[in-house]
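The opening residue of the sequence shown carries number 1036 in the numbering used here; numbering runs sequentially from there.
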Amino acid sequence: MHEMSLAESALQIIEDAAINQGFTRVRTVWLEIGKLSCVEKDAMSFCFDAVIKDTVADGARLEILETAGQGRCARCGHEMQINTLYEACLQCGSYGMQVVAGDAMRVKELEVE
Ligand SMILES: [Zn+2]
């Protein structure tokens, strides 16, 4: 389950921000997750709740925003929005999409005190 390590890296980003910006309490965390990152939303929430215990983000609410995937056809170079890597190119019909965007996770915004 790679959600646990993602939750830990999200927490790391939050803790760094707490040091840099001097806040002591996080109320809400907006996480942006690409549709191609294979992250399970429920698993992510569960892991996040587990790793934030006794940290600056303890008790924070997690909001997950899904961002669309963007792929490029390996054959003709056509770029299109994709939900999985196994979609055929709309232009030439071949399979073999390369990910351009939407396979990553990032902390988009924090509501802090
Ligand atoms: Zn193509």
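Virtual Cβ for every residue (Gly too), placed ideally from N, Cα, C.
- Ligand 1 never approaches Q1105 closely enough for any of its heavy atoms to be under 6 Å from the residue's Cβ.
- Less than 7 Å divides the Cβ of V1061 from the Cβ of L1145.
- Nearest in C-alpha terms to T1063, of all of A1139, T1102, A1045, is A1045.
- By alpha-carbon distance to T1102, the top candidate from A1078, M1140, S1129, E1122 is M1140.
- For Q1126, the Cβ falls inside the 6 Å cut-off from some heavy atom of ligand 1.
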